[in-house]
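Asks: Under the numbering used here, residues 51 to 120 are what the sequence shown spells out, in order. We put the CB at the ideal spot given by N, CA and C, even for glycine. Note that the structure is a prediction, hence the values are computed from the model and not measured. Got a structure here, written out as structure tokens. Questions coming.
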Amino acid sequence: MTTNEEFSLEESFEQLDEMIGRLQEGQIPLEESFRIWKEGMELLKKCSSQIDLTEKSVMQIREDGELVEF
Numbered sequence: 051m052t053t054n055e056e057f058s059l060e061e062s063f064e065q066l067d068e069m070i071g072r073l074q075e076g077q078i079p080l081e082e083s084f085r086i087w088k089e090g091m092e093l094l095k096k097c098s099s100q101i102d103l104t105e106k107s108v109m110q111i112r113e114d115g116e117l118v119e120f
């Protein structure tokens, strides 16, 4: 498996969706479920951080044409 840091935000969401699917199937051992859950939580934190950084970099254009951070 690729490390979480190598995924784009979209790929991270796809990976999380796959993890959720595997957990919902209920056909994997408890230890494997816990490992997947833990990896998912770490990936979710990285996604959240990436979204926060993106939101901070978004600029807003005022009526007078000046750019300001949103």
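Note down, in chain order, each residue of its chain lying with its Cβ closer than 7 Å to the Cβ of Ser83, except the 5 sequence neighbours on either side.
Replies: Here the set comprises Leu73.
Asks: What first and last residue would you give for the alpha helix (DSSP H) that runs through Phe63?
Replies: Counting along the chain, the alpha helix (DSSP H) containing Phe63 begins and ends at Leu59 to Glu75.
Asks: Spatial neighbours of Leu80 within its chain, please: CB distance less than 6 Å, with the 5 preceding and 5 following residues excluded, ordered by chain position.
Replies: Excluding sequence neighbours, Leu80 sits near nothing in its chain.
Asks: Going by beta carbon distance, what residues of the same chain come within less than 7 Å of Glu64, once the five residues before and after it are set aside?
Replies: Excluding sequence neighbours, Glu64 sits near nothing in its chain.
Asks: Near Gly90, what residues of its chain come up, given a Cβ to Cβ distance below 7 Å and the 5 sequence neighbours on each side ignored?
Replies: For Gly90, where only same-chain residues beyond five positions count, the Cβ hits under 7 Å are Leu66 and Met69.
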